[in-house]
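Trainee: Pasting in a structure now, in structure tokens, and then I'll have a few things to ask.
Chains as they are written, first to last, in our numbering: chain A, 1 to 474; chain B, 1001 to 1127.
Pasting the structure below:
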């Protein structure tokens, strides 16, 4: 096979490109498989036709085919992208290269034409462009975040509406400036801006929270993420920077944390006071009453029969008072909780107090560890409140309390088989049923609380408290 | 007099200590050999007198009934122990019973119940 035959076979077999020849006047003199696939004509029907059949009518009216040949002659070749027409009249987006072919004497012998169907690639490029445009509009329009770009040296090269809103600079006045203008003087002296870029380069990204400076010199508390942007070859092309104004959130967090701290103090002080009263009653009043009761019994046994009933009544009422004082102590402060922990304290409360309410109780606990005392007391108090509700409102015969370790804390459930909340709930139900107090106790301790109720299944109060008491944030 | 039960009373509250002593002394078969104001004294007196029965206040200075029980168990092993508490504390009751206390009496029970408990404890003494 001669080399020319080889080229001919190659050209004829190529399917991705239409490759064909024109004579000097533009008539088609050869055709290949790719041309048939792309344009739809068989070789025998296209040979001898003028190549302008591939052009849309408006291009023909505009003499575009002739102009392209003229241009190919003067410049050796011409490249064009545009719409072309298939045999069936549909269009495709084509990349076309026309090369003028001269013989050794410099005479024009014809043209080589290579056409590629770019329709799909063009669609993909269009889609990408549209998506980039949408993305650009999105970034530009976002108001809650300052989103902008830095060049590798830290100079601002793009800006969005959010950045303008947060920092106060317009795009024209900030572009080209170094991003350290947003940092307080002490941070600049400390080279913080540079260090943040270095860290972003080293680790890909960096997140920071701290004070930043607005154009008017006032400060705002910012959450900042800097992302280093590398191209395909791994070269640093710049940084993307996203800034959020956290001032309001920070203030809200601080207010919440301050409120929690105060409530914690209040609860602690209250518990301390209750504990003091409980022990006073326990160590003093109860002892004295018990001694009085014992002496009254002695006295009764020494009296003549006719006087005994009076003293006996007296003695009985003293003993009843001792019982009530003992309940008061348990209610004021579950002294057991200090010595034996939460579950024995609850068990004791159910046995000593709740059992007297004609309520059948069931306590089950599966705790990985004893909660810290303040949490244990909060759990105890909420259970106490929930049980009091059951007694007052539920008309229940059975209460079930379960405690489980869950999510790094303790999940407690108090379920009764009573009538549920009234439907609809009265307006003041939260106060009426002490629901607010329970919820506040739980939330103060950094947990959550909820109550569900239906007439069929009774009421379930459930709450979760973290093992560690509420952390005071920043 | 030799068949009387010899009892030690330990309570930091003087009124209770006296009332309890009187209640027990009123019984011909019971005799209070000593009274203690705190756990340490209770241990000393138990060691000195070797009583048949000791009635210990759960919450008294010097370590309470818990400490007194541990010590008396070794220093006067024959002494039978009763705990006397102002409130019903199942946790402490369990602990004391584990340490060797026979019964956990809640203050406010009748004198007759106290006396009966002391007699039951006395009956368990190895002669």
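From the three backbone atoms N, C-alpha and C, an ideal C-beta is built for every residue, glycine too.
Counting only Cβ pairs nearer than 9 angstroms, list the residues of chain A close to residue 1013 of chain B.
Mentor: Correct list: 283, 284, 287, 288, 290, 291.
Trainee: Distance check for residue 349 of chain A and residue 394 of chain A, CA to CA, integer angstroms please.
Mentor: Using only the alpha carbons, I get a separation of about 19 angstroms.
Trainee: In chain order, which alpha helix (DSSP H) runs of at least 4 residues are fully inside the segment 1064-1101 of chain B?
Mentor: The segment 1064-1101 of chain B contains these whole alpha helix (DSSP H) runs: 1064-1075, 1090-1099.
Trainee: To the nearest angstrom, how far is it from the Cα of residue 245 of chain A to the Cα of residue 182 of chain A?
Mentor: Roughly 13 angstroms separates the two Cα atoms.
Trainee: Assign residue 364 of chain A to buried or exposed, taking buried as 16 or more other Cβ atoms, counted over all protein chains shown, within 10 Å of its Cβ.
Mentor: It counts as exposed.
Trainee: If you follow the alpha helix (DSSP H) that residue 331 of chain A is part of, which residue opens it and which one closes it?
Mentor: First-last of the alpha helix (DSSP H) with residue 331 of chain A: 308-332.
Trainee: Comparing the C-beta of residue 356 of chain A with each C-beta of chain B, is any distance below 8 angstroms?
Mentor: Cβ-Cβ to chain B under 8 angstroms: no for residue 356 of chain A.
Trainee: Are residue 415 of chain A and residue 458 of chain A close, meaning C-beta to C-beta below 8 angstroms?
Mentor: Yes, they are a contact pair.
Trainee: Could you give the C-beta distance for residue 290 of chain A and residue 1086 of chain B, rounded to a whole number, given that I count them as a contact under 8 angstroms?
Mentor: Between residue 1086 of chain B and residue 290 of chain A the Cβ distance is about 7 angstroms, and since that is below 8 angstroms, they are a contact.
Trainee: Nearest to residue 342 of chain A by CA position, among A:366, A:360, A:226, is which residue?
Mentor: Residue A:366 is the option with its Cα nearest to residue 342 of chain A.
Trainee: Of all the residues that make up the segment 1091-1120 of chain B, which are near chain A by a beta-carbon distance shorter than 9 angstroms?
Mentor: The segment 1091-1120 of chain B vs chain A, Cβ under 9 angstroms: 1091, 1092, 1094, 1095, 1106, 1107, 1108, 1109, 1110, 1111, 1112, 1114.
Trainee: Would residue 1023 of chain B count as contacting chain A if we go by Cβ distances under 8 angstroms?
Mentor: Closer than 8 angstroms to some Cβ of chain A, the Cβ of residue 1023 of chain B qualifies, so yes.
Trainee: Can you name the residues of chain A whose CB is closer than 7 angstroms to the CB of residue 1065 of chain B?
Mentor: None at all; the shortest Cβ gap to chain A is about 12 angstroms.
Trainee: Between residue 1008 of chain B and chain E, is there a C-beta pair that is closer than 8 angstroms?
Mentor: No chain E appears in the structure shown, which is made up of the protein chains A and B.
Trainee: Give me the residue from A:62, A:24, A:32 with the minimum Cα distance to residue 50 of chain A.
Mentor: For the residues A:62, A:24, A:32, the minimum Cα distance to residue 50 of chain A belongs to A:24.
Trainee: Between the C-alpha atoms of residue 56 of chain A and residue 100 of chain A, what's the straight-line distance to the nearest angstrom?
Mentor: Using only the alpha carbons, I get a separation of about 23 angstroms.
Trainee: Show which residues of chain B have a CB atom less than 9 angstroms away from the CB atom of residue 298 of chain A.
Mentor: Ordered by position in chain B, the residues that pass the 9 angstroms Cβ test against residue 298 of chain A are 1019, 1022, 1023, 1026, 1111.
Trainee: For my contact list, residue 1059 of chain B and residue 1099 of chain B are in at a C-beta cut-off of 8 angstroms; report their separation, rounded to the angstrom.
Mentor: Contact doesn't hold; Cβ gap of about 15 angstroms is too wide.
Trainee: Just verifying my parser: in three-state terms, what is the DSSP assignment at residue 82 of chain A?
Mentor: In the structure shown, residue 82 of chain A sits in a strand (DSSP, three-state: E or B).
Trainee: Which ranges does the alpha helix (DSSP H) cover as unbroken runs of at least 4 residues, wholly within the segment 139-217 of chain A, from first to last along the chain?
Mentor: Correct list: 161-167, 171-174, 185-189, 192-203.
Trainee: Could you check whether residue 46 of chain A and residue 72 of chain A sit closer than 8 angstroms to each other, using their CB atoms as the reference points?
Mentor: No. Outside cutoff.
Trainee: Applying the 10 Å Cβ sphere with the 16-neighbour rule, what's the burial state of residue 68 of chain A?
Mentor: Buried, because 16 or more other Cβ atoms sit within 10 Å of the Cβ of residue 68 of chain A.
Trainee: Would you verify that the beta carbon of residue 336 of chain A is, or is not, closer than 8 angstroms to some beta carbon of chain B?
Mentor: Judged by the 8 angstroms Cβ criterion, residue 336 of chain A is in contact with chain B.
Trainee: Quickly, what does DSSP pair residue 98 of chain A with across the bridge? List them, please.
Mentor: Looking at the DSSP assignment, residue 98 of chain A forms a beta bridge with A:78, A:113.
Trainee: Below 7 angstroms on C-beta distance, what does residue 506 of chain A contact in chain B?
Mentor: Residue numbering for chain A in the displayed model covers 1 to 474; residue 506 of chain A lies beyond these limits and cannot be assessed.
Trainee: Roughly how many whole angstroms lie between the Cα atoms of residue 1011 of chain B and residue 1017 of chain B?
Mentor: Each residue's Cα considered, the two are about 5 angstroms apart.
Trainee: For residue 1051 of chain B, does the count of other Cβ atoms within 10 angstroms reach 16, so buried, or fall short, so exposed?
Mentor: Its Cβ being crowded by 16 or more others within 10 Å, residue 1051 of chain B is buried.
Trainee: Which residues in the same chain have their Cβ closer than 7 angstroms to the Cβ of residue 319 of chain A, if we skip the five residues on either side of it in sequence?
Mentor: Here the set comprises 293.
Trainee: Might you give, ordered along the chain, the residues of its own chain that have their beta carbon closer than 7 angstroms to the beta carbon of residue 1078 of chain B, omitting 5 neighbours on each side?
Mentor: Answer for residue 1078 of chain B: 1050, 1125, 1126, listed in chain order.
Trainee: Give a yes or no on contact between the segment 375-395 of chain A and the segment 309-316 of chain A, applying the rule of three or more CB pairs nearer than 8 angstroms.
Mentor: Segments in contact, no.
Trainee: Would you mind sorting residue 355 of chain A into buried or exposed? The rule is 16 or more other CB atoms within 10 Å of its CB.
Mentor: With fewer than 16 Cβ atoms within 10 Å of its Cβ, residue 355 of chain A is classed as exposed.
Trainee: If you draw a straight line from the alpha carbon of residue 435 of chain A to that of residue 391 of chain A, how long is it in whole angstroms?
Mentor: If you take the alpha carbons of residue 435 of chain A and residue 391 of chain A, they lie about 14 angstroms apart.
Trainee: Below 8 angstroms on C-beta distance, what does residue 374 of chain A contact in chain B?
Mentor: Within chain B, no residue comes near residue 374 of chain A; the closest Cβ sits about 19 angstroms away, beyond 8 angstroms.
Trainee: Would DSSP call residue 473 of chain A helix, strand or coil?
Mentor: Residue placement at residue 473 of chain A is flagged as unreliable, the pLDDT there being 38, under the threshold of 50; the coordinate-derived value follows with that caveat. It is coil, neither helix nor strand.
Trainee: 8 angstroms is my cut-off, CB to CB: does residue 472 of chain A come that close to chain B?
Mentor: Bear in mind that the predicted position of residue 472 of chain A carries a pLDDT of just 41, short of 50, making it too unreliable to give a figure here.
Trainee: Measuring CB to CB, does residue 213 of chain A end up less than 8 angstroms from residue 193 of chain A?
Mentor: No. Outside cutoff.
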